[in-house]
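In the working numbering, the protein residues as written are 27 to 223.
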């Protein structure tokens, strides 16, 4: 019974942390992409994250389109989530270095996952609802276009066929292998605990 309660606690904390981390990292991406602030989804993300992010923004100023305060909040959330899960699981407290690497892994992995799924959704929308004015569809376009546009400009004309998503997918997978994988190993923590949404 005790183990079942512990497993339920680990699942609950992991899920809640992953969800909020997703929202915070999404806020960072929306700011980086200069997405429409008045979009209802952008407004919801801002309302959910501002109470935590704004105190940090008064101390840490953004660097151009990069909101360092939001990234630091995401990092802290992941580290605290790892501590909570490990304590509930009875695994004890790992070295600080391991926690820092785990937090960094979590933020980068979540960032890449959001772009991956945003690209996937944008491809589907381009086939089933290319002219959709839904707030979600508009936001997906605003998130993915800054990533795909530079790739599209490099590729030769393919007669209207846009291959940029394929190359962006490849880039995301390469970053997962070269960055997320090694960082997860350096953390010394289970990969499923530190990486992925």
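Ideal Cβ positions, reconstructed from N, Cα and C, are used throughout, including at glycine.
Note that the coordinates shown come from a computational prediction; the quantities given were computed from them, not determined experimentally.
Practice task
With a threshold of 16 other CB atoms inside 10 Å of the CB of residue 76, please say whether the residue is buried or exposed.
Solution key: Looking at its Cβ environment, which holds fewer than 16 other Cβ atoms inside 10 Å, residue 76 is exposed.
Practice task
Note down, one range per segment and in chain order, each alpha helix (DSSP H) of at least 4 residues found wholly within the segment 159-191.
Solution key: 161-180
Practice task
Check whether the Cβ atoms of residue 212 and residue 89 sit closer than 9 Å, and answer yes or no.
Solution key: Cβ atoms of residue 212 and residue 89: not closer than 9 Å.
Handout entry: Those residues which DSSP pairs with residue 92 across a bridge
Key = 89
Exercise for the section: Look at the alpha carbon of residue 79 and the alpha carbon of residue 53, and state the distance between them as a whole number of angstroms. Expected result: Here the alpha carbons of residue 53 and residue 79 stand approximately 10 Å from one another.
Exercise for the section: Have a look at 87, 182 and 94 and flag the residue whose alpha-carbon is nearest the alpha-carbon of residue 50. Expected result: 94
Practice task
Could you give the DSSP three-state label for residue 157: helix, strand or coil?
Solution key: coil
Problem - Span of the alpha helix (DSSP H) around residue 59 - result: From DSSP, residue 59 is part of no alpha helix (DSSP H); its letter is neither H nor E.
Problem - N-terminal and C-terminal residue of the alpha helix (DSSP H) that residue 203 is part of - result: Run containing residue 203: none; DSSP gives neither H nor E here.
Exercise for the section: Please name the residue in 43, 171, 33 and 71 whose C-alpha comes closest to that of residue 115. Expected result: 33
Problem - From 74, 118, 99 and 40, residue whose alpha carbon lies closest to that of residue 85 - result: 99
Handout entry: Nearest candidate by alpha-carbon position, reference residue 202, set 141, 177, 167 and 215
Key = 141
Practice task
Give the range of the alpha helix (DSSP H) segment to which residue 217 is assigned.
Solution key: That run of the alpha helix (DSSP H) goes 217-220.
Problem - Whether residue 40 touches residue 219 by CB criterion (9 Å) - result: yes
Exercise for the section: Name the residue from 36, 210 and 35 whose alpha carbon lies nearest to the alpha carbon of residue 132. Expected result: 210
Handout entry: Own chain residues within Cβ distance below 7 Å of residue 158, not counting five before or after
Key = 151
Handout entry: Separation of residue 198 from residue 111, as counted between CA atoms
Key = 28 Å
Problem - Secondary structure of residue 131, DSSP reduced to three states - result: Collapsing the DSSP output to three states places residue 131 in a helix.
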